[in-house]
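Residue numbers (this note's numbering): 339 to 467. The beta carbon of each residue, even a glycine, is placed where N, CA and C say it ideally should be. Note that the coordinates shown come from a computational prediction; the quantities given were computed from them, not determined experimentally.
Have a look at this one:
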């Protein structure tokens, strides 16, 4: 009986390690799809009843998803710079580990790139605020 459990435990471990991420993604996508279907069926009922569709009415329908706002690269850059510098300082001063300091500087440089691109993009497209 113990040999049975010794053989089945690795099988369950492999199934759960690789199966759980797939299950989580499936649940998220299934929920999103049901939400979208609910919105479209409610919208179809409103259209069939001949009711006028106003923006307020559309927003009150269950499953309505607002348009995503554009990404604010300057804000993301500033946050990444702060996090990166904080990690670098803690790595060098607090831990004395150059690896942690290097990882922090990498994050800070990514933040600098986002920050620079955000400023460049804002100068190129001033109406996209």
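N- and C-terminal bounds of the alpha helix (DSSP H) containing residue i
i, result
"residue 366", "340 to 387"
"residue 458", "436 to 462"
"residue 430", "Unbroken run through residue 430: none, as it is neither H nor E."
"residue 393", "393 to 398"
Candidates the options: closest to residue i by CA position
i, options, result
"residue 409", "360, 401 and 455", "455"
"residue 449", "421, 432, 394 and 363", "421"
"residue 378", "396, 405 and 361", "396"
"residue 370", "402, 358 and 380", "402"
"residue 417", "453, 346, 373 and 357", "453"
"residue 423", "411, 438 and 412", "438"
Outcome for residue i when other beta-carbon atoms lying within 10 angstroms are tallied against a minimum of 16
i, result
"residue 446", "buried"
"residue 425", "buried"
"residue 347", "exposed"
"residue 442", "buried"
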